[in-house]
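Student: My structure is below; once you've seen it, I'll send some questions.
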Amino acid sequence: MSATAVATRELMLVEAVNDALHVELARDPSVIVLGEDVGRLGGVFRATAGLREAFGEKRCIDTPLSEAGFLGAAVGLCMAGWRPVVEMQYDAFSYPCLDQLITHVGRYRWRTGGRMGFPLVIRMPYGGGVRAPELHDDSPETYYVHTPGVKVAVPATPADAKGLLAAAIRDPDPVVLFEPKLVYRTARGAVPEGEHVVELGKARRAREGSDLTLVAWGAMVAVCERAADDLAAEASVEVLDLRSLKPLDDEALLASVRRTGRCVVVQEAPRTCGFASEISALLAEHAILDLQGPVLRVTGYDVPYPYWQLEDWYMPSVERVVDAVRRVLAF
Amino acid sequence: MSAVPVVEQDLERVIAGRPAVRPAGLDDDALLALHRSLVRLRVYDERSVVYHSQGRIGTYAIFRGHEAIQAGAVHALEERDWIFPSYRESAIGLLRGLPASTILQWWRGHPSGWWNPEEVNVASICVPIATHVPHAAGLAWGLALKESDAVAVAIFGDGATSEGAFHEGANLAAVFRAPLVLLCNNNQWAISTPLRDQTAAERLSDKAVGYGMPAIRVDGNDVLAVHDAVRRGVEHARAGEGPTFVEAVTYRSFPHATADDPSIYVDRERVEAERGRDCVAAYETYLRDLGVLDDEDVQTVREEALAELRAGIQAAEDEAPGDPELVFAHAYADPPPDLARDLEELRRVHER
Numbered sequence: 426m427s428a429t430a431v432a433t434r435e436l437m438l439v440e441a442v443n444d445a446l447h448v449e450l451a452r453d454p455s456v457i458v459l460g461e462d463v464g465r466l467g468g469v470f471r472a473t474a475g476l477r478e479a480f481g482e483k484r485c486i487d488t489p490l491s492e493a494g495f496l497g498a499a500v501g502l503c504m505a506g507w508r509p510v511v512e513m514q515y516d517a518f519s520y521p522c523l524d525q526l527i528t529h530v531g532r533y534r535w536r537t538g539g540r541m542g543f544p545l546v547i548r549m550p551y552g553g554g555v556r557a558p559e560l561h562d563d564s565p566e567t568y569y570v571h572t573p574g575v576k577v578a579v580p581a582t583p584a585d586a587k588g589l590l591a592a593a594i595r596d597p598d599p600v601v602l603f604e605p606k607l608v609y610r611t612a613r614g615a616v617p618e619g620e621h622v623v624e625l626g627k628a629r630r631a632r633e634g635s636d637l638t639l640v641a642w643g644a645m646v647a648v649c650e651r652a653a654d655d656l657a658a659e660a661s662v663e664v665l666d667l668r669s670l671k672p673l674d675d676e677a678l679l680a681s682v683r684r685t686g687r688c689v690v691v692q693e694a695p696r697t698c699g700f701a702s703e704i705s706a707l708l709a710e711h712a713i714l715d716l717q718g719p720v721l722r723v724t725g726y727d728v729p730y731p732y733w734q735l736e737d738w739y740m741p742s743v744e745r746v747v748d749a750v751r752r753v754l755a756f
Numbered sequence: 004m005s006a007v008p009v010v011e012q013d014l015e016r017v018i019a020g021r022p023a024v025r026p027a028g029l030d031d032d033a034l035l036a037l038h039r040s041l042v043r044l045r046v047y048d049e050r051s052v053v054y055h056s057q058g059r060i061g062t063y064a065i066f067r068g069h070e071a072i073q074a075g076a077v078h079a080l081e082e083r084d085w086i087f088p089s090y091r092e093s094a095i096g097l098l099r100g101l102p103a104s105t106i107l108q109w110w111r112g113h114p115s116g117w118w119n120p121e122e123v124n125v126a127s128i129c130v131p132i133a134t135h136v137p138h139a140a141g142l143a144w145g146l147a148l149k150e151s152d153a154v155a156v157a158i159f160g161d162g163a164t165s166e167g168a169f170h171e172g173a174n175l176a177a178v179f180r181a182p183l184v185l186l187c188n189n190n191q192w193a194i195s196t197p198l199r200d201q202t203a204a205e206r207l208s209d210k211a212v213g214y215g216m217p218a219i220r221v222d223g224n225d226v227l228a229v230h231d232a233v234r235r236g237v238e239h240a241r242a243g244e245g246p247t248f249v250e251a252v253t254y255r256s257f258p259h260a261t262a263d264d265p266s267i268y269v270d271r272e273r274v275e276a277e278r279g280r281d282c283v284a285a286y287e288t289y290l291r292d293l294g295v296l297d298d299e300d301v302q303t304v305r306e307e308a309l310a311e312l313r314a315g316i317q318a319a320e321d322e323a324p325g326d327p328e329l330v331f332a333h334a335y336a337d338p339p340p341d342l343a344r345d346l347e348e349l350r351r352v353h354e355r
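Given below as structure tokens:
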């Protein structure tokens, strides 16, 4: 953080996303926004509100309902010199676009021997806890992280939502941004005005501690912070907000766990092969002698995300995180 | 009646042979340039099948008989116009100045088979079916947004029209009035699946009505018919009127690829009959009847094409194998740091 005073505004997370889009479209005339309902409506969550009025309908485009089609079109738009920012309306609505993501978005630069760039951004609200119908609640980041050629970031705070989106838009590679919709309107914070960039691949220490590291991203960061509060009398718990899953700030991860000697990874997504497993593997490879207990995962379960009357049983809760921390401390 | 016309050429007339009448807008040089392109593609394909049998290239998707669709389309374009090929049009870049060695390296699995699409306005070869249609729509739309008058052509097969990507790309192109020609090589087979098992539509060109775009259906063995149809689509696109669907009807009378055994599924009599209406031979007959081509010209063009391929395979085989660095080099402009560590580790393990 810069020592010089930066003017800030108190914004909700979704407002910070909107702010980033306004700033970046004004900064770079090659940036365009497309997706379902992003223009006239300004997005179902209002993330793109005011863009059409400010920049015209050629730079904020309502597309036909075709996630694979408009992501594919974004590949062609890159070839024509544009920097498209594509909105997937909801996490699970993005599944059709995985076809284009895997077969082209992550491969096209490579396929040209690095001679053409594909600087596109996919942003989507993700995650559960919002009492929504089926397939509006998923945490699909693993599919994206597992796809070579793309980068993935997940902000937890309004300032990072703005800064990571700006970094994604300026990045020469395709970047997928997962915005925690659970906290779209409840996460509030000071957001720098004007241009604000948070470099991809840099984790944020959300809370300092010395006995155990809780690793999380997106909406789970706040859950971990509440767990750390609840545990304050028993242990000094550090909370590491990864911010970027790819590139991953493995230095910050290893430095923290080497210092605390204990780690619990918390993710909303189903457990098997989730990103928490990757974190656990990295710690097994690089920090085995620093660990004083097993690396535990607190995750969603390997089942379809449940209907909302059951969803609180599925989502990692403060209680489950506290329980996992206690088990590691007692090891 | 539909608001968008479906123009259908008299296929029977064309199949019977094109009368020796000079087409409007094409002088002798243009007619001969078209012939040269047909022959270069034919020789590329013939030699590639041989090179495969000699173990000099990998599995290869044969396009014999489809040269008229490819050359007819390319010659209807300006150099600023883009081509989006499927694997069936792997060598179409030859007609835009790509060296034969580059395309041969692609089929040899060598990284120098990469090319820069921007240099020749030919997109990378699309291996999955129909997923390049949205790219072509996006590029064409993006160029129009920049007020360029360039257009794009996406080439795909009959099977591709069953894919979601074709539908989404065609619909997007029509909604955004993208300057695009959707060129369907209807060779009536998707490996072993005949057209009747691919669609219940009477004609693929009928699909255009559903997207609100015009369609033209032509004999895909008649290079001048394809040229004319694509030219009309290009004019329509350049005028800001949006996309056109061109269905070029032909027949796949050779295997899908070098790994395919069509004897299991084809009708041999039909294949023989179809081979008898070869697009290159038909055009040569037409040019001879017109008096602009003789045996010596045919021989010369063929020799030049053979020399191009000989030089191409030589250059490809002379090239050193790719460095392991290339496994990692181009996935990202700004790669995550672990890729550099992976390369270091790979080199360490393999160092003796």
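First to last, the protein sequences are chains A and B.
Throughout the first sequence, residue numbering follows this note's numbering, covering 426 to 756 in sequence.
Throughout the second sequence, residue numbering follows this note's numbering, covering 4 to 355 in sequence.
Positions of the beta carbon are idealized from the N, C-alpha and C atoms, including for glycine.
It should be emphasised that the depicted structure is a prediction, and the values quoted were computed from it without experimental measurement.
Strictly below 9 Å CB to CB, what residues from chain A border THR164/B?
Tutor: Reading the second sequence from its first residue, position 161 is the one you call residue 164/B. Simply none; closest approach about 15 Å.
Student: Quick one: what's got a C-beta closer than 7 Å to ILE60/B's C-beta in the same chain, skipping five residues either side?
Tutor: In the second sequence, counting from the first residue as 1, residue 60/B sits at position 57. So the qualifying residues of the chain are SER51, TYR54, LEU107, TRP110 and ARG111.
Student: Using Cβ-Cβ distances below 8 Å, what residues of the segment 604-638 of chain A are close to chain B?
Tutor: So the list reads GLY626, given in the order they occur along the chain.
Student: Keeping to the same chain, check which residues put their C-beta closer than 7 Å to that of ALA749/A; ignore five residues upstream and five downstream.
Tutor: The residue you call residue 749/A lines up with position 324 of the first sequence. Cβ within range, chain order: VAL689, LEU721 and VAL723.
Student: Given this structure, state the Cα-to-Cα distance separating ALA615/A from ALA432/A, to the nearest angstrom.
Tutor: Numbered from its first residue, the first sequence carries residue 615/A at position 190. Numbered from its first residue, the first sequence carries residue 432/A at position 7. Each residue's alpha carbon lies about 9 Å from the other.
Student: By the 10 Å Cβ neighbour count, where 16 or more other Cβ atoms means buried, how is ILE713/A classified, buried or exposed?
Tutor: Within the first sequence, the letter at position 288 stands for residue 713/A. Exposed, since its Cβ has fewer than 16 Cβ neighbours within 10 Å.
Student: For chain A, check one thing: does any of its Cβ atoms lie closer than 8 Å to the Cβ of TRP110/B?
Tutor: Here the question's residue 110/B lines up with position 107 in the second sequence. Cβ-Cβ to chain A under 8 Å: no for TRP110/B.
Student: Just checking: is the beta-carbon of LEU762/A within a distance shorter than 8 Å of some beta-carbon in chain B?
Tutor: Since the first residue shown for chain A is 426 and the last is 756, residue 762/A is missing from the structure and cannot be characterised.
Student: Less than 8 Å between the C-beta atoms of GLY553/A and MET437/A, yes or no?
Tutor: Counting from one through the first sequence, the residue named residue 553/A turns up at place 128. Counting from one through the first sequence, the residue named residue 437/A turns up at place 12. It is not a contact, given that the beta carbons lie outside the stated cut-off.
Student: My parser needs the beta strand (DSSP E) runs of 3 or more residues fully inside the segment 647-699 of chain A; what are they?
Tutor: Entirely contained in the segment 647-699 of chain A, the beta strand (DSSP E) runs reaching 3 residues are, in chain order, 662-666, 669-671 and 688-691.
Student: Between the beta-carbon of ALA668/A and the beta-carbon of LEU607/A, is there less than 8 Å?
Tutor: As a first step, residue 668/A must be located in the first sequence, where it is residue number 243. As a first step, residue 607/A must be located in the first sequence, where it is residue number 182. Residue identity differs from the one stated: residue 668/A is Arg in this sequence, not Ala. No, the pair does not count as a contact, with Cβ atoms beyond the cut-off.
Student: Just to make sure I have the definition right: I need the residues of chain B whose C-beta is within less than 8 Å of the C-beta of LYS763/A. Which are they?
Tutor: Since the first residue of chain A shown is 426 and the last is 756, residue 763/A is not available in this structure.
Student: Counting only runs that start and end within the segment 144-211 of chain B, where is the beta strand (DSSP E) found for 3 or more residues in a row?
Tutor: Segments of the beta strand (DSSP E) lying fully in the segment 144-211 of chain B: 155-160 and 183-189.
Student: Tell me, to the nearest whole angstrom, how far the beta carbon of LEU44/B is from that of GLU70/B; I am working on the premise that it is less than 8 Å.
Tutor: As a working note, residue 44/B is residue 41 in the second sequence. As a working note, residue 70/B is residue 67 in the second sequence. The pair is a contact, with the Cβ atoms about 4 Å apart (cut-off 8 Å).
Student: Can you say whether VAL747/A is buried or exposed, counting buried as having 16 or more other CB atoms within 10 angstroms of its CB?
Tutor: As a first step, residue 747/A is located in the first sequence; it is residue number 322 there, counting from the start. With 16 or more Cβ atoms within 10 Å of its Cβ, VAL747/A is classed as buried.
Student: Measuring CA to CA, which of ASP636/A, ASP654/A, SER635/A and LYS627/A is closest to TRP642/A?
Tutor: Here the question's residue 642/A lines up with position 217 in the first sequence. Nearest option by C-alpha distance: LYS627/A.
Student: Within a Cβ cutoff of 6 Å, which residues of the same chain sit near GLU15/B, ignoring the five residues on either side of it in sequence?
Tutor: Counted from its first residue, the second sequence places residue 15/B at position 12. Caution applies to GLU15/B, whose pLDDT of 49 falls short of 50 and renders its modelled position unreliable; the value that the coordinates give is listed next. Once the five neighbours on either side are set aside, GLU15/B has no close Cβ partner at all.
Student: Per DSSP, which one or two residues make a beta bridge with THR433/A?
Tutor: In the first sequence, counting from the first residue as 1, residue 433/A sits at position 8. DSSP lists PRO617/A as partners of THR433/A.
Student: At 4 residues or longer, and completely inside the segment 295-349 of chain B: list those alpha helix (DSSP H) runs for me, N to C.
Tutor: DSSP runs (the alpha helix (DSSP H)) wholly in the segment 295-349 of chain B: 298-321 and 328-331.
Student: Could you give the residue range of the beta strand (DSSP E) that holds ILE86/B?
Tutor: Sequence index remark: in the second sequence, residue 86/B carries index 83 (1-based). That run of the beta strand (DSSP E) goes 85-87.
Student: Based on DSSP bridge pairs, tell me the residues matched to LEU721/A.
Tutor: Position 296 of the first sequence, counting from 1, holds the residue named residue 721/A. In the DSSP output, where bridge partners are listed per residue, LEU721/A has VAL689/A.
Student: Of all the CB atoms in chain A, is at least one closer than 8 Å to the CB of VAL178/B?
Tutor: Taking the first residue of the second sequence as 1, we reach residue 178/B at position 175. Output row for VAL178/B: interface = yes.
Student: Classify TYR569/A as helix, strand or coil using the three-state DSSP reduction.
Tutor: Position 144 of the first sequence holds residue 569/A. TYR569/A: helix per DSSP, three-state reduction.
Student: Of the residues ILE547/A, LEU602/A and ARG632/A, which one's Cα is nearest the Cα of THR685/A?
Tutor: The residue given as residue 685/A occupies position 260 in the first sequence. Out of ILE547/A, LEU602/A and ARG632/A, ARG632/A has the C-alpha closest to the C-alpha of THR685/A.
Student: What residue range does the beta strand (DSSP E) around ILE486/A cover?
Tutor: In the first sequence, residue 486/A corresponds to position 61, counting from 1. Here the beta strand (DSSP E) through ILE486/A covers 485-487.
Student: Report, in whole angstroms, the separation of the C-beta atoms of VAL600/A and ALA578/A, which I expect to be a contact under 8 Å.
Tutor: By 1-based counting over the first sequence, the position of residue 600/A is 175. By 1-based counting over the first sequence, the position of residue 578/A is 153. The pair is a contact, with the Cβ atoms about 6 Å apart (cut-off 8 Å).
Student: Straight-line CA distance for ASP453/A to GLY619/A?
Tutor: Mapped onto the first sequence, residue 453/A falls at position 28. Mapped onto the first sequence, residue 619/A falls at position 194. Answer to the nearest angstrom: the Cα atoms are 13 Å apart.
Student: So, does the segment 206-220 of chain B touch the segment 271-279 of chain B, judging by three or more C-beta pairs under 8 Å?
Tutor: Too few Cβ pairs lie closer than 8 Å, so no.
Student: Whose Cβ in chain A lies nearer than 9 Å to the Cβ of PRO131/B?
Tutor: The sequence position of residue 131/B within the second sequence is 128, counting from 1. By Cβ distance, chain A contributes ASP524, THR528 and HIS529.
Student: Nearest chain B C-beta to TYR533/A closer than 8 Å, yes or no?
Tutor: What you label residue 533/A is simply residue 108 of the first sequence in a count that begins at 1. So yes, TYR533/A belongs to the interface.
Student: Is it buried or exposed for MET426/A, if we count other Cβ within 10 angstroms and need 16 for buried?
Tutor: Here residue 426/A refers to the residue found at position 1 when the first sequence is read from its first residue. At MET426/A the pLDDT is 49, less than 50, meaning the model places this residue with poor confidence; the figure from the coordinates comes in the next sentence. That one is exposed.
Student: Suppose only complete runs of 4+ residues qualify. What are the alpha helix (DSSP H) ranges in the segment 543-617 of chain A, listed by chain order?
Tutor: The segment 543-617 of chain A contains these whole alpha helix (DSSP H) runs: 566-570 and 583-595.
Student: Looking only at its own chain, which residues have a Cβ that is under 6 Å from the Cβ of ARG67/B, when we skip the five neighbours before and after it?
Tutor: Counted from its first residue, the second sequence places residue 67/B at position 64. Around ARG67/B: ASP48 and PHE257.
Student: Between the segment 69-88 of chain B and the segment 221-236 of chain B, do at least 3 Cβ pairs fall closer than 8 Å?
Tutor: The segment 69-88 of chain B vs the segment 221-236 of chain B: in contact.
Student: Which residues, in order along the segment 332-346 of chain B, keep a beta-carbon less than 9 Å from a beta-carbon of chain A?
Tutor: Within the segment 332-346 of chain B, the qualifying residues are ALA332, HIS333, ALA334, TYR335, ALA336, ASP337, PRO338, PRO339, PRO340 and ASP341.
Student: Taking one C-beta from the segment 177-192 of chain B and one from the segment 132-150 of chain B each time, how about it: are there three or more such pairs within less than 8 Å?
Tutor: Contact between the segment 177-192 of chain B and the segment 132-150 of chain B is present, because at least three Cβ pairs lie under 8 Å.
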